[in-house]
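Asker:
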Amino acid sequence: MIDNYSWITVFPEIVLLTLACAIALVDLYVKSPNRTPTYVMTLVTLAIVAFMQAEYAISGLNQYGFSKLVVSDQMGNWLKCFAALAVMVTLVYGRGYAGHREMLRGGELFTLSMFGLLGMFLMIGGNNLLVIYMGLELLTLSSYALVALRRDNTMATEAAMKYFVLGAMASGFLLYGMSMVYGATGTLDVNQVAQAIASGNIRHQVLVFGLVFVVAGLAFKLGVVPFHMWLPDVYHGAPTAVTLLIGGAPKLAAFAIMIRLLVEGLLPLAPDWQQMLGVLAVGSLLVGNLAAIAQTNIKRMLAFSTISQMGFVLLGMMSGVINGNTISSADAYGSSMFYVVTYVLTTLATFGIILLLSRKGFESEEIADFAGLNQRSPLYAAVMAICMFSLAGIPPMVGFYAKLSVLQALISSGQALDIGLAVFAVMMSLVGAFYYLRVVKLMYFDAPVQTAAIEAPAEVRILLGLNGALVLLLGIVPGGLMALCASALASMMAG
Amino acid sequence: MGLLSLAIWTPVFFGVALLALGRDEHAAAARWIALIGAFISLLVTVPLYTGFQLGTADMQFVEQAPWIERFNVNYHLGVDGISMWFVLLTAFINLVVIIAGWEVITRRVNQYMGAFLILGGLMIGVFCALDGLLFYVFFEATLIPMYLIIGIWGGPNKIYAAFKFFLYTLLGSLLLLIALIYLYTVAGGSFDILTWHTLPLGGSAQTLIFFAFLAAFAVKVPMWPVHTWLPDVHVEAPTGGSAVLAAIMLKLGAYGFLRFSMPITPDAAREWAWLMIALSLIAVIYVGLVAIVQRDMKKLVAYSSVAHMGFVTLGFFVFSDLGVAGGIVQMIAHGFVSAAMFLCIGVLYDRVHSREISSYGGVVNTMPKFAAFALLFAMANAGLPGTAGFVGEWMVILAAVKANFWIGLGAATALILGAAYTLWMFKRVYLGAVVNDDVKNLQDINAREFLMLALLAIAVLAMGVYPKPFTDVMDSSVAELLRHVAVTKLN
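Residue numbers (the numbering used here), protein chains in the order written: chain S, 1 to 495; chain B, 1001 to 1491.
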């Protein structure tokens, strides 16, 4: 049934789609080598969409549309708003880099990013297994093409191939799992799946069998051990600007579908999937942190760092339901959301610096390229140092509060196993501190190897400065964002 | 803004301003701004002493405002008799360190001065925080400037030292974090330290929390056997870094015992007091012996710091007025004396660029004024009556003898060992004939160095001759702490 409210729920998506199509057409007539008109129009579009989503979120809209195919709730709208902003920031950071590498011969970087964002919106707002799946495919297909955008570069092409093959397999897993869930419950609607399970008239075995595939598919997309193998190769091989497009905003969408599928749809099966997530989290923390030490390429190091950080997100997800009690669920999932949002914020600044240090014909990909950055530019070194300390979880950076809230969720369960997991997690973050500190060491303690001046357009400099300041400021006053995440999840759990 | 907020944020503000100042071309301006900042930061702490109410164990100058409502975390500050002097001590040492780095530091002056000012503000925050999370944030945040100070301005092996410092201390404090979150959960969602003081806790929970605290604070103090990071770090750190590390940072750990371990887990503290006393005595005797054989002056003073801090923890865990107060007095005294010892080594190192004792001999012939100061500080380090070093050691030994004669005897050997390693070093470095051309060409201290050492000498003598202002302030708080610890929290 399509009523007037239905259109409201997808209004930002419609705006995004229309403008993306329009920009794709206009781009055919753009002569500027750096695609300035396309760039500006894309940024304006993203700003409009982000603003609309923020409006929706603030107004507390909680609305289903199109016979419950999509939902526009507070959590989703905030995540969409952050995702749009993240894509916007990525494009600002990445444009110079892309321009030097002949990735702006056409406007695909911008249009594909917008279609990818549309996919994320569908994932975040989907209330139906098929809609979520379609959103995921829209995002990943755009991403495959983006990775291959430097088509003359063998590394990028190889990465695109790997990404495509493994990504397709993951999608297959997820789809297979969804079909099992459909088979067991007879519905694709997320809420009805939950009701069907609660009613008890379902084949539990089929459902759990499907659940395993759903979790495996999600784990692939999040890049957690043992489904992480694609992540370092793709991060490494993709052009850095695209790496950020893959490693930034989509994490928000991946978190959202985890919430939609596991929490909204399959909450009664929480004891089952919490165990699975626990195993995945332990593996990710272990492998991610230990493997990151051995890396010499900063993009690979950050890829393994991502794996370990996602392990922390899963720790928050697995501590929501304690002995069948969902009282603290919203807090636990809220802590995961806070973790993901702050992680994306930090990642943006980190890759922003890497993009900044890369020049025409020079990829700043080795960790050693950061040597002496403090002497070349104290500001950029400070931004990078703030991000590294944040990822390592050292207060007063925002990353500390992310770890704190996840650990709090874990410890509040009061079970010995969970407290043991918390101790394990902090020990692993001690290992993590080593390789983050190594980057700081290079920047501050070593003499510069590169001496070329660091040039960047004003908007990149300002945005990077703001981005770094935000990582620190959110650490000094983290209350607002924490409350936002908690209330978003609380209203979702209630509604 | 309250006095404590001013004490914390004034140096941080000046520090951030210095970082924003830019490059080395403004080095002179950076030095003066740093000096003015440190001086103002010291001035704003003076009313804490003049306005301090004696005779009460309550928190004073309290400030409270919600900070993170989601976790019920408050920006809750306050000082009592235990913590008040450390705020002043930190601000004072900060000023001395800025003077000490005046000409010595020529690279990235603004970052050096900025790092020390920010570090000073954060350490004051640790002493003032009455909220567990706020404490932890300050406690951990101090690692960042110290890591950079060691790594940027340190000696040849600075990278190793910086990493060892950071990771070693982080290891301990991560367990502290787990304990804090656990207490938050048990207390029904409160990070308030004073609430935790009255929180009933079961026996096994207390033991686990006590050891989590121990992991963090013992590394910081540092207690034997987790002291091994300290000599390595001291040797490589720049003079100012060593001085702040020994004078203030080590006290953060000892302070943690008083604010966390003893009042929050009193039963576990009493149950495991034997262990603490044993570790303290090992630190006093064994590490004292280790100090004697050192060839590197900085290493020697570093080991002497471990031994002196052993006295502090020994005083705490005999659970008597005299012992705890003695421990606190010893902390303050060691703050002055160890800073002075490291600055003296710095004065020599700036001239000769060697820390080896064997590179020196007969310094008194060429630097008489300096040697006089060095003698005073060496005597204070050895615990000579009339200097700051004596008061605390005397109180702790007295308390130890009252508790158990053998513990007292063990503690008292420290006076012999302390005299041995300090005076023997003094003899080899300063006395005798001039041994080489380096020493022959030494210039005596200039006005800046004289000022810096004179400030510390006044403090050392004043505290030694008239310790009453120090002990008066802490009496009520120590008595209250011991009353509190004597009551069981088991239910």
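Just so you know, even glycine gets a beta-carbon here, dropped at the ideal spot from N, CA and C.
Only a predicted model underlies this, so the values are computations on that prediction, with no experimental measurement involved.
1. Can Ile-307(S) and Val-225(S) be called in contact, C-beta distance under 8 Å?
2. Between the alpha carbons of Ser-328(S) and Thr-140(S), how many angstroms are there, rounded?
3. For the segment 1045 to 1076 of chain B, enumerate the residues whose C-beta is nearer than 9 Å to any C-beta of chain S, in chain order.
4. Between the alpha carbons of Thr-326(S) and Gly-320(S), how many angstroms are there, rounded?
5. Can you list, in chain order, the residues of its chain whose CB lies under 8 Å from that of Pro-448(S), leaving out five sequence neighbours each side?
6. Bridge partners of Leu-1077(B), per DSSP?
7. Starting from Tyr-333(S), find everything on chain B with Cβ-Cβ shorter than 8 Å and list it in chain order.
8. Could you tell me which chain B residues have their CB closer than 8 Å to the CB of Phe-434(S), listed as they occur along the chain?
9. Between Val-1044(B) and Thr-1010(B), what straight-line distance do the alpha-carbon atoms span, to the nearest angstrom?
10. Give the secondary structure of Glu-1480(B) by DSSP, where H, G and I count as helix, E and B as strand, and everything else as coil.
11. Got a sec, what are the start and stop residues for the alpha helix (DSSP H) Tyr-339(S) sits in?
12. Since Gly-1154(B) and Glu-1069(B) are thought to touch, with beta carbons under 8 Å apart, how far apart are those beta carbons, to the nearest angstrom?
13. Would you call the segment 288 to 303 of chain S and the segment 429 to 442 of chain S touching, i.e. three or more CB-CB distances under 8 Å?
14. Could you check where the alpha helix (DSSP H) with Tyr-1510(B) kicks off and where it finishes?
15. Output, in sequence order along the chain, the residues in the segment 370 to 392 of chain S whose CB is closer than 7 Å to any CB in chain B.
16. Beta-carbon within less than 7 Å of Leu-1300(B)'s beta-carbon, same chain only, minus the 5 sequence neighbours each way: which residues are those?
17. Unbroken alpha helix (DSSP H) runs of length 4 or more, entirely within the segment 377 to 426 of chain S: which are they?
18. If Leu-1279(B) sits next to Met-1223(B), beta carbons under 8 Å apart, how far is it from one beta carbon to the other, in whole angstroms?
19. For the segment 175 to 262 of chain S, list the alpha helix (DSSP H) runs that are entirely contained and at least 4 residues long, ordered along the chain.
20. Decide yes or no for the touch test of the segment 113 to 120 of chain S against the segment 214 to 232 of chain S: beta carbon pairs closer than 8 Å, at least 3 of them.
21. Check the Cβ-Cβ distances between Pro-395(S) and every residue of chain B, and say whether any is below 8 Å.
22. Strictly by DSSP, which residues pair up with Tyr-64(S)?
23. Check this for me: beta carbons of Phe-173(S) and Phe-220(S), under 8 Å apart or not?
24. Helix, strand or coil: which one does DSSP assign to Ala-1086(B)?
25. Would a check of beta-carbon distances place Leu-407(S) closer than 8 Å to chain B?
26. Would Ala-1333(B) pass as an interface residue toward chain S - the criterion being a Cβ-Cβ separation below 8 Å?
27. So, Ala-1212(B) versus Leu-1175(B), is the Cβ gap smaller than 8 Å?
28. For Asn-1441(B) and Val-440(S), I'd like the C-alpha separation in whole angstroms.
29. Buried or exposed: Arg-151(S), going by 16 or more other Cβ atoms within 10 Å of its Cβ?
30. Quick check: is the beta carbon of Ala-1205(B) nearer than 8 Å to any beta carbon in chain S?
31. In the DSSP output, what is Glu-1356(B) paired with across the bridge?
32. Within this structure, are the beta carbons of Gly-283(S) and Met-318(S) separated by less than 8 Å?
33. Assuming Ile-411(S) and Tyr-1147(B) are in contact, meaning their beta carbons sit under 8 Å apart, how far apart are those beta carbons, in whole angstroms?
34. Beta carbon of Gly-177(S), beta carbon of Leu-211(S): below 8 Å?
35. State the DSSP-derived secondary structure class of Glu-366(S), mapped to helix, strand or coil.
36. Strictly under 8 Å for the Cβ-Cβ distance: is Ile-1008(B) near chain S by that measure?
Answerer: In terms of the structure at hand:
1. Indexing the first sequence from 1 puts residue 307(S) at position 307. Indexing the first sequence from 1 puts residue 225(S) at position 225. Cβ distance < 8 Å, so Ile-307(S) and Val-225(S) count as in contact.
2. If you number the first sequence from 1, residue 328(S) lands on position 328. If you number the first sequence from 1, residue 140(S) lands on position 140. Rounded to the nearest angstrom, the two C-alpha atoms are 33 Å apart.
3. Against chain S - using a Cβ distance shorter than 9 Å - the residues of the segment 1045 to 1076 of chain B are Pro-1066, Trp-1067, Ile-1068, Glu-1069, Arg-1070, Phe-1071, Val-1073.
4. In the first sequence, counting from the first residue as 1, residue 326(S) sits at position 326. In the first sequence, counting from the first residue as 1, residue 320(S) sits at position 320. Thr-326(S) and Gly-320(S) have their C-alpha atoms spaced approximately 7 Å apart.
5. Translated into the one-based positions of the first sequence, residue 448(S) becomes position 448. Counting only Cβ-Cβ distances below 8 Å, and skipping sequence neighbours, we find Ala-371, Gly-372, Leu-373, Gln-375, Arg-376.
6. Counted from its first residue, the second sequence places residue 1077(B) at position 77. In DSSP, Leu-1077(B) forms a bridge with Glu-1063(B), Ala-1129(B).
7. Mapped onto the first sequence, residue 333(S) falls at position 333. Going along chain B, no residue has its Cβ under 8 Å from Tyr-333(S), so there is no contact; the nearest lies around 14 Å.
8. For the purposes of this step, residue 434(S) is identified with residue 434 of the first sequence, where counting begins at 1. At a C-beta separation below 8 Å, Phe-434(S) has these neighbours in chain B: Phe-1163, Leu-1167.
9. In the second sequence, residue 1044(B) corresponds to position 44, counting from 1. In the second sequence, residue 1010(B) corresponds to position 10, counting from 1. Each residue's Cα considered, the two are about 8 Å apart.
10. For the purposes of this step, residue 1480(B) is identified with residue 480 of the second sequence, where counting begins at 1. If DSSP states are grouped into helix, strand and coil, Glu-1480(B) belongs with the helices.
11. Within the first sequence, residue 339(S) is the residue found at index 339, counting from 1. From DSSP, the alpha helix (DSSP H) with Tyr-339(S) extends over 329 to 357.
12. Start at 1 with the first residue of the second sequence, and residue 1154(B) comes out as number 154. Start at 1 with the first residue of the second sequence, and residue 1069(B) comes out as number 69. Their Cβ separation, rounded to whole angstroms, is 41 Å, which puts Gly-1154(B) and Glu-1069(B) out of contact at 8 Å.
13. Touching, yes.
14. For chain B, the structure presents residues 1001 to 1491; residue 1510(B) sits outside this window and is missing.
15. Residues are counted here when their Cβ sits less than 7 Å from a Cβ of chain B; for the segment 370 to 392 of chain S these are Phe-389, given in chain order.
16. As a first step, residue 1300(B) must be located in the second sequence, where it is residue number 300. Here the set comprises Ala-1291, Gln-1294, Tyr-1421, Met-1425.
17. Runs found: 378 to 392, 398 to 412.
18. Position 279 of the second sequence, counted from the first residue, corresponds to residue 1279(B). Position 223 of the second sequence, counted from the first residue, corresponds to residue 1223(B). About 5 Å separates the CB atoms of Leu-1279(B) and Met-1223(B); that is less than 8 Å, so the two are in contact.
19. Fully enclosed alpha helix (DSSP H) runs of 4 or longer: 190 to 199, 204 to 222, 230 to 237, 240 to 247, 249 to 258.
20. Too few Cβ pairs lie closer than 8 Å, so no.
21. Along the first sequence, read from residue 1 onward, the residue named residue 395(S) stands at position 395. Using beta-carbon distances, Pro-395(S) counts as an interface residue toward chain B, with a partner under 8 Å.
22. Along the first sequence, read from residue 1 onward, the residue named residue 64(S) stands at position 64. Listed as beta-bridge partners of Tyr-64(S) by DSSP are Val-71(S).
23. For the purposes of this step, residue 173(S) is taken as residue 173 along the first sequence, with counting starting at 1. For the purposes of this step, residue 220(S) is taken as residue 220 along the first sequence, with counting starting at 1. In this structure, Phe-173(S) sits near Phe-220(S), with a CB-CB distance shorter than 8 Å.
24. Translated into the one-based positions of the second sequence, residue 1086(B) becomes position 86. Looking at the sequence itself, residue 1086(B) is Phe, so the reference to Ala does not match. Correct three-state label for Phe-1086(B): helix.
25. As a position in the first sequence, residue 407(S) is number 407, starting the count at 1. Chain B contact via Cβ: present.
26. Taking the second sequence and counting its residues from 1, the one referred to as residue 1333(B) is at position 333. So no, Ala-1333(B) is outside the interface.
27. One-based indexing of the second sequence puts residue 1212(B) at position 212. One-based indexing of the second sequence puts residue 1175(B) at position 175. The criterion of a C-beta distance shorter than 8 Å is satisfied by Ala-1212(B) and Leu-1175(B).
28. For this step, residue 1441(B) is matched to residue 441 along the second sequence. For this step, residue 440(S) is matched to residue 440 along the first sequence. Distance between the alpha carbons of Asn-1441(B) and Val-440(S): 40 Å.
29. Residue mapping note: residue 151(S) aligns to position 151 of the first sequence, counting from 1. The C-beta of Arg-151(S) has fewer than 16 other C-beta atoms within 10 Å across all chains shown, which makes the residue exposed.
30. In the second sequence, the residue the question calls residue 1205(B) occupies position 205. No, its Cβ sits nowhere closer than 8 Å to a Cβ of chain S.
31. For the purposes of this step, residue 1356(B) is identified with residue 356 of the second sequence, where counting begins at 1. Glu-1356(B) pairs with Asp-1296(B).
32. Taking the first sequence and counting its residues from 1, one reaches residue 283(S) at position 283. Taking the first sequence and counting its residues from 1, one reaches residue 318(S) at position 318. Contact flag unset, no.
33. For the purposes of this step, residue 411(S) is taken as the residue at position 411 of the first sequence. For the purposes of this step, residue 1147(B) is taken as the residue at position 147 of the second sequence. With 8 Å as the limit, Ile-411(S) and Tyr-1147(B) do not qualify as a contact, their Cβ atoms being about 28 Å apart.
34. Taking the first residue of the first sequence as position 1, residue 177(S) is located at position 177. Taking the first residue of the first sequence as position 1, residue 211(S) is located at position 211. With contacts defined by Cβ atoms closer than 8 Å, Gly-177(S) and Leu-211(S) form a contacting pair.
35. As a first step, residue 366(S) is located in the first sequence; it is residue number 366 there, counting from the start. If DSSP states are grouped into helix, strand and coil, Glu-366(S) belongs with the strands.
36. Indexing the second sequence from 1 puts residue 1008(B) at position 8. Ile-1008(B) does not count as touching chain S.
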